[in-house]
Every structure is written in structure tokens, then in C-alpha cells.
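K.L.:
No gaps in the numbering here: position 100 of the sequence shown is 103 in the working numbering, and each next residue is one more.
Don't be surprised by glycine CBs; every beta carbon is placed ideally from N, CA and C.
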Amino acid sequence: MVSWKNKRLVGLFGGTFDPVHQGHLDLVRHVLDRCGLDLLLFIPANRPPHKRQPVASFTDRVAMLNAAIADRPDFTEQVLCSLVEHKLPIPSYTIHTVQALREEIEAERFSLVIGADSLLELGQWYRVDELLDLVDLIVVQRGTVDKALISPALTALPPAYEFHPGYRRWIGSNGRLADYLDGIELPVSSSSIREDLRNGRRPPLLPSAVFHYIQQHALYGWKPS
Ligand code: ATP
């Protein structure tokens, strides 16, 4: 059992995880290593505000996340799946999630881990100014987003992040930090995984523990042979 107490730096990685795939797991490994986090939480959305509704149930998506985490000895004590969004009103807004987690976890700083595609939309998120007062940002490269867009996008957000070359990171007027990590994206998405499964193909970048769960529960149109 991992203690949630006295974690200094906690990463919050939200998503649909419908299902979790190797790209998510590799991203988590890199973020833990490169940002020196003590704990990283996968936070499956109950019903995300910005996306289509998930195909698999919340219960199944959590079970797949837990199977994937348990299968990674290098995640022990450092990575957990949080159920926080299950008890929050629908749709789940990140500001509510972060406020709820601050009640549950004693941490010095929380960092929100988002893909660069989400950074470009962050300005429209619900109560984004309050959200960015509560968290640092870790932005992860997505192949679809040109690196040149990152700095202007950060500058346009409410804390008006400024790049500090000495620290090689952005600092907001509220003292909050933003980092950009590149070179860690695997060419895979949950949509491509679901399409493979629907067509009876075993997706190469689907962790085997997750594939076994999908087989057992005949999810995503997978037909047991
Ligand atoms: P879908 O294809 O259903 O839209 P997805 O694969 O993008 O799903 P999400 O659950 O929406 O998965 O992603 C959660 C977070 O993980 C997002 O911030 C997204 O940018 C990031 N992410 C997803 N796939 C990758 C990947 N291959 N490499 C790095 N980050 C990823």
C-alpha cells in the first residue's frame, strides 16, 4: 500500500484511458524520471467535458489501468490510479479534481501533466486562472503540435508564463512553473487501439495485462476466438 502522505511533488495525469496504452505508460516513466516526481496519479475521467463519451465503463477503464500499473515493477510506490473523478459531479472539470485531491493528499506541489494538444485548448478550460494558481504544468510533446507554438501558448495563459533560459523552464507571474518535455511520444492512440481490436487485430502497443482484461471481458468489440 502506497502512503499518500508526505509526497513532495505529485503529478496528475488525466485522460479517458479508453484503454490505457504503451504511449501513456512511457510518458509516465519519462515524466517521473525527468521531473523528479515522488508520485504520479493516473486520473481517469468519469465523463470528460471536452471529448466524446468513453466506450468502456469507468470501472473497466480503472481495472485496465490497475492491471497495467501492477505489471510494471518500476512503477511500484510511484504510480497509482485515482478514483477521485468518480465521486465528483459530471462532467468532471479539472479545477474540481485538483481541489478534491488537495484535500486528500499532502503535497508541496502538484503538477498537471498534459499533451501539447491540450495546452493549445487550455485557455478555454473552466476556471483556468484558478486552476493555474494551484498547479505547475508539465507539457508533453504531441507530434501534431509544432514546438514553435508552445512558448506563445504559455505566454497567452493567465499567469503569462515567461521563459527563463537559466532554468530552462517557464515561470508564471504567480510563481508557478511550466516545463516542456519532448522526444517521448510513441505513435499510438486509444482510438487506433480500439480500431485494431474491433477488426480482430491484437494491437502491438497495448500492454499485455490490458489485452488480457479486454479478452476476458470482450471489450471494444473484441471477439474471443
Ligand atoms: P483517443 O485516441 O481516444 O483520443 P488518447 O490515446 O489520446 O485517446 P487520452 O486518454 O485521451 O488518450 O490521453 C490522455 C493524455 O495522454 C492526453 O494528455 C494525451 O495528450 C496523452 N497521450 C495520449 N497518447 C499519447 C502518446 N502516444 N504519447 C504521449 N502522450 C499521449
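Quick one: what does DSSP say residue 92 is sitting in, helix, strand or coil?
P.N.:
coil
K.L.:
Using a Cβ-based criterion (distance less than 7 angstroms to any ligand heavy atom), does residue 117 qualify as near ligand 1?
P.N.:
Taking 7 angstroms as the cut-off, the C-beta of residue 117 counts as close to a heavy atom of ligand 1.
K.L.:
Considering only heavy atoms of ligand 1, does any lie closer than 7 angstroms to the CB of residue 145?
P.N.:
It does: the Cβ of residue 145 is within 7 angstroms (strictly closer) of some heavy atom of ligand 1.
K.L.:
What is the DSSP secondary structure of residue 229, counted as helix, strand or coil?
P.N.:
This structure cannot speak to residue 229, because the chain is shown only from 4 to 228.
K.L.:
Could you name the residues that DSSP lists as bridge partners for residue 181?
P.N.:
140, 173
K.L.:
Within 7 angstroms: the Cβ of residue 33 and any heavy atom of ligand 1?
P.N.:
no
K.L.:
Going by C-alpha distance, which of 153, 17, 174 is nearest residue 162?
P.N.:
174
K.L.:
Under a three-way DSSP split, which group does residue 167 fall into?
P.N.:
strand
K.L.:
Could you give the first and the last residue of the continuous alpha helix (DSSP H) run that contains residue 26?
P.N.:
25-38
K.L.:
According to DSSP, simplified to helix, strand and coil, what is residue 193?
P.N.:
helix
K.L.:
To the nearest angstrom, how far is it from the Cα of residue 164 to the Cα of residue 101?
P.N.:
Each residue's Cα considered, the two are about 20 angstroms apart.
K.L.:
Just the Cα atoms here: how many angstroms apart are residue 118 and residue 61?
P.N.:
22 angstroms
K.L.:
If contacts are defined as beta-carbon pairs under 8 angstroms, then residue 137 and residue 113 qualify, I think. What distance do you get, rounded to the angstrom?
P.N.:
The Cβ separation is near 7 angstroms, so the contact holds.
K.L.:
Looking at residue 95 and ligand 1, is the gap between the Cβ and the nearest heavy atom below 7 angstroms?
P.N.:
It does not: the Cβ of residue 95 is nowhere closer than 7 angstroms to a heavy atom of ligand 1.
K.L.:
Residue 116 to residue 16, Cα distance in whole Å?
P.N.:
5 angstroms
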